[in-house]
Amino acid sequence: MVAAGLLVMAVAAINLALLRLAGSLWDVITVQHDAAGMTRLIGLFLGLVVVQGFCSMGHSYLTAWVSQRIVADFRRHLFGHLQTLSVGFFARRRTGELLSRLMNDVTIIQSVVTETPIDGAKQLVTFVGGIAFLLAMNWRLCLLILVLLPLLVLVAKFFGRRLKALSTSIQDHTAAMTTLVEEVISGIRIVKSFVQTQRETDRFAAQVQRTLVLTLRRAAIMAVFIPVISLLTFSAAAAVLWYGGRQVIEGLVTPGDLFAFVLFAGILIGPFSSAARVFAQIKEAEGATARVFDILDAQPDIQDRPGARPLTDIAGHLRAEAVGFSYDPRSPVLANLSFEAKPGELVALVGPTGAGKTTVINLLHRFYDPTAGRITVDGQDLRDVTVESWYRQVALVPQETVLFGGTILDNIRYGTPHADEAAVQDASRAAHAHEFITGFPDGYHTMVGEKGVNLSGGQRQRIAIARAILKNPRVLLLDEATSSLDTESERLVQDALERLMKGRTTFVVAHRLSTIQRADRILVLDKGRLVEEGSHARLLERQGLYHYLYTMRLSWNETGES
């Protein structure tokens, strides 16, 4: 930045020298009629032009060099910070909004923090040097230009407030538009299935129209702003021509001096117009900066306590002690929940929809911390161990399978990137995925498509299970992990999971009878409370909520549920 600034200042200084040289050349030609002097001045003129060209090339490249690295570093830093934030942060934010801040707002900031200082350095030299030349040549003429400065400042301040407010609103509406596009594209199957393409088109058109109205309003202000500044500066130039022309007629100054003075006065329009444009850009960037730093200032809800210790080898004895939790303080999700799971146990979570089963999984994984009570592993409060070391002990297979763009091989070894292909194949065989994977022409190097669109639901689920098996965790969290499998695939995967579960603690949220019946311990939840606990046989004997849910599930199976 310093090098680019020095080079652009050199360009501005040479430009001033060229203008002064032009005035002298004018006198040599029209007044002195000195051919030799004319030749020397033209040679000097061309030499300065060459030097100015090299300086211009240097500052242009260096400005771009710095500019692109700033935006790259800023995006890396912003994206890296996003990765440190907790799951709750993303639950409160929309994806399109975050994308807009990462891409659009950073670009706006990059433009201001690189181009504005460089341009400001150039205009500073032009202004100071120009004023110095003008004062030395004719201080009375110079005063005619300087008298307009306070008026220019007031005009810029008047327009600046309005431009900042409009620019912030435009950025917010652009983020909303990006969010809408992301949501519609992600849910395009539902949009088409429910014949809502026209509705979404109308919604997007309405958002575009709102953004367009604000953009045109800003354009209207800019359309008035820049000409007003230019009018004021050209008025000064006209006054200079009128007053200076009279002095030439009276013989007080030479035509060359007036010519140079007019040129200097003309280039002073540049700093004034540039100041107006830069002022508008800065106001626009203030809104973008506030939006970006809103993310950078956010702190993760889940982070290491001072003195938190990393976990090493654990047995996997999990215990919840009077746990309470709520996403919103006004509506608690869990209350006074206590249970334990010994190493090697399979614990099934059952209950009606909304009972809090998935929330328990989230707390066990420590995506969230309890708002009351605590969860311990081998007697240690999860909040007293480092987050990363706990995550390395846990493998999650969620209800909605998440695959990343890339190959099947990349997705299976997502948590263990250095695993060799043989280990990947062993994990795939354990998850009964190897057979269908090798059936693809490219085998493990088959591209899964965006979010695994090239695979069936059952195939995606088995790849997710293979990914968990390869990680070889001490604790397994399966949230409806077999929900997308047919009966035969489920049986095979259950066999693989049973082998994997030995010596490991496993929590399963499941509706399938086969999964529930194999559990060592069943936790029955209802409205965020633990209402029953025990084995399958004991819970059936109690004739409570579990008996009711089991009977309902059995009746569904008898009527042909697949």
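Residue 553 in my numbering sits at position 546 of the sequence shown, with consecutive numbering throughout.
Glycine included, each C-beta is placed from N, C-alpha and C at the ideal position.
Query: Exposed unless 16 or more other CB atoms sit within 10 angstroms - verdict on residue 199; Result: exposed
Query: N- and C-terminal bounds of the beta strand (DSSP E) containing residue 514; Result: 512 to 516
Query: Collapsed DSSP secondary structure at residue 568 in the structure displayed; Result: Only weak support exists for where residue 568 lies, its pLDDT of 43 falling under 50; the value from the coordinates is given anyway. Of the three classes helix, strand and coil, the one that applies to residue 568 here is coil, per DSSP.
Query: Nearest to residue 260 (by Cα), restricted to the options 439, 31, 191, 100; Result: 31
Query: C-beta atoms of residue 14 and residue 66 nearer than 8 angstroms; Result: yes
Query: Buried versus exposed call for residue 174 [16 or more other C-beta atoms within 10 Å across all chains shown]; Result: buried
Query: Proximity below 8 angstroms, CB of residue 380 to CB of residue 331; Result: yes
Query: Residue 467, buried or exposed, once every other Cβ within 10 Å from all chains shown has been counted against 16; Result: buried
Query: Simplified DSSP state of residue 343, which is helix, strand or coil; Result: strand
Query: Beta bridge counterpart(s) of residue 530 as assigned by DSSP; Result: 356, 540
Query: Burial state of residue 68, where buried means 16 or more other Cβ atoms lie within 10 Å; Result: exposed
Query: Residue 457: first and last residue of the uninterrupted beta strand (DSSP E) it sits in; Result: Segment: none, residue 457 is in no beta strand (DSSP E) and carries neither H nor E.
Query: The segment 314 to 333 in contact with the segment 114 to 130 per 3-pair CB rule at 8 angstroms; Result: no
Query: Closest Cα partner of residue 377 within the set 396, 355, 329; Result: 329
Query: Rounded separation between residue 23 and residue 239 - CA only; Result: 22 angstroms
Query: Which of helix, strand or coil DSSP assigns to residue 102; Result: helix
Query: Where residue 47 falls, given that 16 or more other Cβ within 10 Å makes a residue buried; Result: exposed
Query: Whether residue 477 touches residue 419 by CB criterion (8 angstroms); Result: yes
Query: Limits of the unbroken alpha helix (DSSP H) element including residue 433; Result: 428 to 437
Query: Collapsed DSSP secondary structure at residue 387 in the structure displayed; Result: strand
Query: Backbone CA spacing between residue 411 and residue 90 [nearest angstrom]; Result: 16 angstroms
Query: Simplified DSSP assignment, three categories, for residue 414; Result: strand
Query: Cβ-based neighbour list, residue 188, same chain, cut-off 8 angstroms, excluding 5 preceding and 5 following; Result: 103, 211
Query: C-beta contact flag for residue 414 and residue 445 at 8 angstroms; Result: no
Query: Cα-Cα separation, residue 486 to residue 206; Result: 34 angstroms
Query: DSSP-derived helix/strand/coil call for residue 257; Result: coil
Query: Straight-line gap, residue 615 to residue 398 (C-alpha atoms, nearest Å); Result: With the chain covering 8 to 569 only, the question about residue 615 has no answer from this structure.
Query: Beta-carbon proximity check, residue 615 vs residue 363, cutoff 8 angstroms; Result: Shown here, the chain extends from 8 to 569; a query on residue 615 therefore has no answer.
Query: Residue from 388, 251, 172 with nearest C-alpha to residue 225; Result: 172
Query: Environment of residue 553 [buried if 16+ CB atoms lie within 10 Å]; Result: buried
Query: Alpha-carbon spacing of residue 183 relative to residue 86, whole angstroms; Result: 20 angstroms
Query: Residues bridged to residue 328 [DSSP beta-bridge criterion]; Result: 381
Query: Opposing strand residues paired with residue 463 [DSSP bridges]; Result: Looking at the DSSP assignment, residue 463 forms no beta bridge with any residue, so it has no partner.
Query: Between the CA atoms of residue 95 and residue 565 - distance to the nearest angstrom; Result: Note that residue 565 scores a pLDDT of 41, beneath 50, so its modelled location is shaky; the value from the coordinates is reported in the next line. One C-alpha to the other measures close to 40 angstroms.
Query: Pair within 8 angstroms by beta-carbon distance, residue 628 and residue 387; Result: This structure leaves residue 628 out entirely; the chain is present only between 8 and 569.
Query: Residue 348 (DSSP reduced to helix, strand or coil); Result: strand
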